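Have a look at the structure below, then the notes.
Protein chains in written order, with the numbering used here: chain Y, 281 to 379; chain C, 172 to 335.
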């Protein structure tokens, strides 16, 4: 197996995640796309760890999973709060700071 | 190695297809379920890379916990269940252009840098016990920090979402 197989898979997933973050209107969808990007990074971590025969790659991947879990908890709470205040989770409706 | 390459090909095909459908489908619940397919496929890729504990954690934390949280988020925000034309904003061509250009840059640099580097065969395989040893020796301080972070996120989420 080539190292690049995994790195290119990660890059493709990351770009799909970027598209999702930029193009989607629903705030929950934006959070889901961010999860996709974090996963794309994780696969790079594990692949490099395997390549260099160090365990740190897996440890970093685990830390990223933990941070992603914390992020999605707080993120969804914020989305819920936005929905309660504006009765909408369309990211285009949140333009209070637009000049 | 041939069997692993075939497994890699099949799983990546499923993962990339599901990811594309996830960001393009008009039904938000389908989108969440496609994300489950992506996460499960990536768990398979971790097994191919001999990272058993990461694969297990991926299934437990992402598919088990995070996806349930997302489905609750979808329900509580009363997003239109079923087809909705309004899922993608009008700026999607720009977003696609940005993503394509980013992808081109990353792919170019990856191929330029790593070309045909092969994965180490017959190298040391780190099992769950080795990962545990490393976390609780070298990375003990980051581990404690992340414990506090999770606690803070838990309390923060409750404070934010609770009705006064």
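Heads up, the beta-carbon is just placed ideally off N, CA and C, and yes, glycines get one too.
Computed from a predicted model, the values in this text were never measured in an experiment.
Quick test of your reading: residue 325 (chain Y) and residue 340 (chain Y), contact by CB under 8 Å. State the CB separation rounded to the nearest angstrom.
5 Å
With the cut-off set at 9 Å, would you say residue 204 (chain C) and residue 229 (chain C) are in Cβ contact?
no
By the criterion of Cβ-Cβ separation under 8 Å, what are the contact partners of residue 287 (chain C) in chain Y?
282 and 284
In this structure, does DSSP put residue 370 (chain Y) in helix, strand or coil?
strand
Using DSSP bridges, identify the partner residues of residue 259 (chain C).
Y:304
Amino acids of chain C, ordered along the chain, whose beta-carbon sits closer than 8 Å to that of residue 358 (chain Y):
331
Report yes or no: do the segment 260 to 273 of chain C and the segment 301 to 308 of chain Y share at least 3 C-beta pairs separated by less than 8 Å?
yes
Do you know whose CA, among Y:359, Y:379 and Y:332, lies nearest residue 331 (chain C)'s CA?
Y:359
Residues of chain Y with CB closer than 7 Å to the CB of residue 218 (chain C), please, in chain order.
Simply none; closest approach about 10 Å.
Report back the beta-carbon spacing between residue 309 (chain C) and residue 223 (chain C) to the nearest angstrom; my notes put them in contact at under 8 Å.
At roughly 20 Å, the Cβ-Cβ gap does not stay under 8 Å, so residue 309 (chain C) and residue 223 (chain C) are not in contact.
At a Cβ threshold of 9 Å, is residue 185 (chain C) touching chain Y?
no
Suppose the cutoff is 7 Å on Cβ atoms and the five residues either side in sequence are ignored; what does the same chain contact list for residue 373 (chain Y) look like?
366
Under a three-way DSSP split, which group does residue 298 (chain C) fall into?
coil
For residue 320 (chain C) versus residue 319 (chain Y), is the C-beta spacing smaller than 9 Å?
no
Spatial neighbours of residue 192 (chain C) within its chain, please: CB distance less than 7 Å, with the 5 preceding and 5 following residues excluded, ordered by chain position.
205
Nearest residue (CA-CA) to residue 292 (chain Y), options C:294, C:180, C:182 and C:187:
C:187
Give me the residue from Y:345, Y:370 and Y:348 with the minimum Cα distance to residue 245 (chain C).
Y:370
Counting only Cβ pairs nearer than 7 Å, list the residues of chain Y close to residue 176 (chain C).
281
Under 8 Å by Cβ, that's how I've got residue 298 (chain Y) and residue 269 (chain C) pegged, so tell me the actual separation to the nearest angstrom.
7 Å
Rank Y:355, Y:342, Y:368 and Y:357 by C-alpha distance to the C-alpha of residue 302 (chain C) and give the top, closest one.
Y:342
Taking Cβ-Cβ distances shorter than 8 Å, what residues in chain C pair up with residue 365 (chain Y)?
Simply none; closest approach about 12 Å.
Backbone secondary structure at residue 289 (chain C) - three-state DSSP
strand
Quick test of your reading: residue 345 (chain Y) and residue 232 (chain C), contact by CB under 8 Å. State the CB separation rounded to the nearest angstrom.
5 Å
Can you give the beta carbon distance from residue 356 (chain Y) to residue 240 (chain C), rounded, assuming they're within the 8 Å contact cut?
6 Å
Closer than 9 Å, CB to CB, is residue 208 (chain C) near chain Y or not?
no
May I have the straight-line CA-CA distance separating residue 280 (chain C) from residue 290 (chain Y), to the nearest angstrom?
13 Å
Using the beta-carbon of each residue, which ones in chain Y are nearer than 8 Å to residue 199 (chain C)?
306, 308 and 309
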